[in-house]
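To start, the structure under review is shown below, and the notes come after it.
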Amino acid sequence: MTNTAFDCRMCGHCCEGKGGIVVSPSDLQRLCDFLRMPADAVIAAYGEQAGDKLKIRCGEDGYCIFFRQGKGCIVHEGKPSICKAWPFFRGNIEDPESLALAKDFCPGINPDISHEDFAREGMAYLEKERLLASDTRTEANALILSHRQ
């Protein structure tokens, strides 16, 4: 499948801002494997709790602690599902207005793609990569779709 909806430009816009990088139990295991660290050490060094959800902390620069300007994500192979899924979040797939805002925010989203084509490509990608979530307590809400396309 050729992706005409999104081509990451490594700008880091999606890596900036506190509180959005949810780490599911399977994400934590992937990070532990990649970093070769036990879960308690990964959580202590990089995580913060928000209710039942574990999230990645931001650095003093406001970016994800794993983002480096000019290099991108230093844990790319082990990054959380929410990061792998961008920009194919529930809002962008289900709501044309949300996608329009995302197009203004993210230079990697094809500005000419229709919402219908974006949603179709996004769903195919999420399903192929097994990124859809279902547990509202521990997984990213942006990966829990209201309905399947």
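Numbering (this note's numbering), first residue to last: 16 to 164. C-beta: ideal position from N, C-alpha, C; glycine also. Keep in mind it's a predicted model, so treat the numbers as computed, not measured.
Contact check for Gly123 against Ser113 fails: the beta carbons are separated by 8 Å or more. Residues of the same chain with a CB within less than 6 Å of the CB of Cys30, apart from the 5 flanking positions on each side, are Tyr78, Cys79, Phe82 in chain order.
Counting along the chain, the unbroken alpha helix (DSSP H) around Leu141 starts and ends at 130–143. Excluding sequence positions up to five before and after Ile58, its CB lies within less than 8 Å of the CB of Leu43, Leu69, all in the same chain and listed in chain order. DSSP places Ile58 within a helical segment (H, G or I) once states are collapsed to three. Scanning its chain for C-beta atoms nearer than 8 Å, with the 5 sequence neighbours on each side dropped, one finds around Thr19 the residues Asn125, Ile128, Asp132, Glu136, in chain order. Under the DSSP assignment, Lys70 falls in the beta strand (DSSP E) whose first and last residues are 68–71. DSSP places Ile97 within a helical segment (H, G or I) once states are collapsed to three. In the displayed model, Gln44 falls within a helix according to three-state DSSP.
Judged by DSSP secondary structure, Ser149 falls outside any alpha helix (DSSP H); it is assigned neither H nor E.
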